[in-house]
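Last residue of the sequence shown: number 467 in numbering that gives the first Met the number 0, and the count goes up by one each step with no gaps. Just so you know, even glycine gets a beta-carbon here, dropped at the ideal spot from N, CA and C.
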Amino acid sequence: MRWLYLYFPHLYAETWSPDFRETTPIALVHEGASVIVDANASASRSGVDPGMLLNTAFCLCSPLQVLPIKPHKQTQAMHRAAQIANRFSSWISLDEPDGMYLEVASMKRLYTSPSLLRQDIQQAFSALGVTVLTATAPHPKAARLLARSNIEKDVNAENFWRALKLLKLDRLKLESRIEYKLRKVGLKTIYDIAKLPSCDLAYRIDADLALYLDHALGRKPWRPSPFTPPSRFKKRLDLEQEFESLQPLLFYLAKAIKEFCLFLQERCLISQTLEVRLIHRHQPPTLESIRLAQGDNRPDSWLYILNKSLERIELSAPVVMVELSASNFEEAPQQSEYLFAHFNENIAAEKTRLLNRLAARLGSDHVHFLSLTTDHRPELKTQQTPLPAIVKHPLSRTSSQPIWLLPSAQPINIETYKLLHGPLRIDSGWWDKYAVRRDYYVAVTPTNSLHWIFHTPENQWFRHGFFS
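Structure below.
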């Protein structure tokens, strides 16, 4: 097997702080802590570095802006990165909070060289404004060590040993007491440590360090646990200010909708419902169920109906947080494209878009579909449903029954008709109070119109429908 490691040095900041790459000095700390975890280039030029105390950082850079790292947003950032990485490998393992392993040996047929794969991954994350460092190696811990040391290479076992000569001890992030022991005996690089017998290193220095190097060098097998993507979509938007109107929220919701559609597309799914919770500070949340007429996974359909749905909401209090969730999904229908461009008209997609726009304007409660029932009585053969009917078998094109039925049967004078086909006996409903026993005929009028008529045991004739 072959492994690729992705290291995101500024994942949290680049995901949640659009100004991180600007000239404003910004630093990140964990909630309730006072140690700098990450800093942008502007803060670094003022001398602010990770590991520095917050008070010291303010002495060096008074206009420093401090952002707290929230655990749930950190997890969301990792899952968002995993969705992107899932395009390139089916085996992903998270190395939280800022890295992940990808098994890439199975991608050789698509990528003739690891450099092409790494290039595509770089482009995918650059489009989102996320910095990523990559490295490939025969073993997962080896790729991790290279990527986190900013050595973006594709190495084999022999080249990995050469790379270790360039890595100082501080790349291992060891405890100070362990690093002191190593330097005391004259060991300066990771290569110097790796040459030592594992048993001696474990006994004299540290057992965890010896095990880590055994995994990185392949002396002992180690494989990361695969990451299983969540089976439901949930997104929480922590707003930086209170919103008294929903229109300014559309910018934030549009980004969340795009993530939702990406979630569906990567799993070849569609969804018809999306739950939106508008959370207020001192009042119960406002709940809104966004419902499409037909399932879809395209952002334009969801953004259109979301915009129309928000127009109908009257806020009782300012919004401080928004949650989006969805758990009911269906498999996306398989579609074939036409070979020639001028025939490339996706009728099903256009129908879905039209129905969803009707639902957005009229409300999903006012859009219904016709579906067939198992009842043989014509007036009860169809029913209205909120979901489109699933037709398992194609309907006959030569049915003896018309599509257009009258709301109720009308008495007629049979002498003005000429019978063409029939009779068709329908004897049903004996189990309820609407029992019928009719003989249906296809008949023509003097004006050559085809009608569907029936005869009752009481010797009465009625017109029930028309043929087109």
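CA-CA distance, residue i and residue j?
i, j, result
"L261", "I269", "11 Å"
"P67", "N155", "40 Å"
"I120", "S89", "14 Å"
"D97", "E330", "32 Å"
"P247", "R218", "57 Å"
"A325", "Q118", "33 Å"
"I425", "D438", "6 Å"
"K234", "N327", "15 Å"
"A26", "P17", "13 Å"
"G428", "P410", "21 Å"
"E344", "S370", "Because E344 sits at a pLDDT of 48, beneath the cut-off of 50, its placement in the model cannot be relied upon, and the point is left open."
"A442", "K417", "5 Å"
"T14", "K254", "12 Å"
"M77", "V184", "40 Å"
"L474", "A104", "Any answer about residue 474 is impossible in this case: the structure gives the chain only from 0 up to 467."
"V435", "W403", "20 Å"
"K180", "A32", "30 Å"
"A12", "T130", "10 Å"
"N458", "V366", "41 Å"
"E157", "D37", "34 Å"
"R86", "T351", "27 Å"
"L405", "F242", "53 Å"
"S244", "D299", "22 Å"
"P283", "L10", "33 Å"
"S175", "E151", "27 Å"
"K307", "N149", "48 Å"
"F259", "N296", "8 Å"
"G421", "F453", "10 Å"
"L309", "P228", "30 Å"
"L145", "Y4", "9 Å"
"M106", "A215", "22 Å"
"A81", "P332", "25 Å"
"D213", "S197", "7 Å"
"F342", "R266", "Interpretation of F342 is limited by its pLDDT of 46, a score under 50 that renders its predicted location unreliable; the figure taken from the coordinates is listed afterwards. C-alpha separation (whole angstroms): 28 Å."
"R108", "L101", "16 Å"
"S448", "T381", "24 Å"
"E378", "Y433", "11 Å"
Going by beta carbon distance, what residues of the same chain come within less than 6 Å of residue i, once the five residues before and after it are set aside?
i, result
"R147", "Y6"
"M51", "I35"
"W160", "none"
"W451", "P401, H463 and G464"
"Y190", "L163 and K164"
"R280", "V319"
"Q383", "H367"
Buried or exposed: where does residue i fall if 16 or more other Cβ atoms within 10 Å of its Cβ makes it buried?
i, result
"Q271", "buried"
"W460", "buried"
"L173", "buried"
"F250", "exposed"
"W430", "exposed"
"K140", "buried"
"Y116", "Here residue 116 is Leu; the residue named in the question, Tyr, does not match the sequence. L116 is buried by the Cβ-count criterion."
"T75", "The question names Thr, but residue 75 is Gln in the sequence shown. Classification of Q75: buried, given that the 10 Å Cβ count is 16 or more."
"D169", "exposed"
"S467", "exposed"
"N412", "exposed"
"L273", "buried"
"Y202", "exposed"
"A340", "Below a pLDDT of 50, predicted positions are generally treated as unreliable, and A340, at 47, falls in that range; no measurement from the model is reported."
"S41", "buried"
Across which residues does DSSP place residue i in a beta bridge pair?
i, result
"K417", "V443"
"Y100", "Y4 and S92"
"M320", "D237 and I278"
"V34", "L52"
"W451", "V441 and G464"
"E472", "What is shown of the chain runs 0 to 467, which leaves residue 472 out entirely."
"S270", "D295 and F328"
"T384", "F368"
"A134", "Y4"
"K167", "T188"
Take residue i and list the residues in its own chain whose beta-carbon comes closer than 7 Å to its own, dropping the five residues that flank it on each side.
i, result
"L30", "Rather than Leu, the amino acid found at residue 30 in this sequence is Glu. Within the same chain, E30 has close Cβ partners P67, I68 and K69."
"L305", "L252, I256 and I289"
"L302", "A253 and I256"
"R1", "V103, A104, T135 and P137"
"A193", "L163, L212 and L216"
Excluding five sequence neighbours on each side, which residues of the same chain lie with their C-beta closer than 8 Å to the C-beta of residue i?
i, result
"P456", "R436"
"R360", "K307"
"A84", "L5, I91, M99, L101 and I120"
"V28", "V34, I35, V36, L53, V65, L66, P67 and I68"
For this session: Determine contact between the segment 286-305 and the segment 354-368, defined as no fewer than three beta-carbon pairs at a distance below 8 Å.
Result: The segment 286-305 is in contact with the segment 354-368.
Exercise. Should the segment 222-230 be regarded as contacting the segment 76-93, the criterion being three or more beta carbon pairs within less than 8 Å?
Worked result: Yes: at least three Cβ pairs fall under 8 Å.
For this session: Answer yes if the segment 133-151 comes into contact with the segment 41-49, meaning at least three C-beta pairs across the two stretches below 8 Å, and no otherwise.
Result: No: fewer than three Cβ pairs fall under 8 Å.
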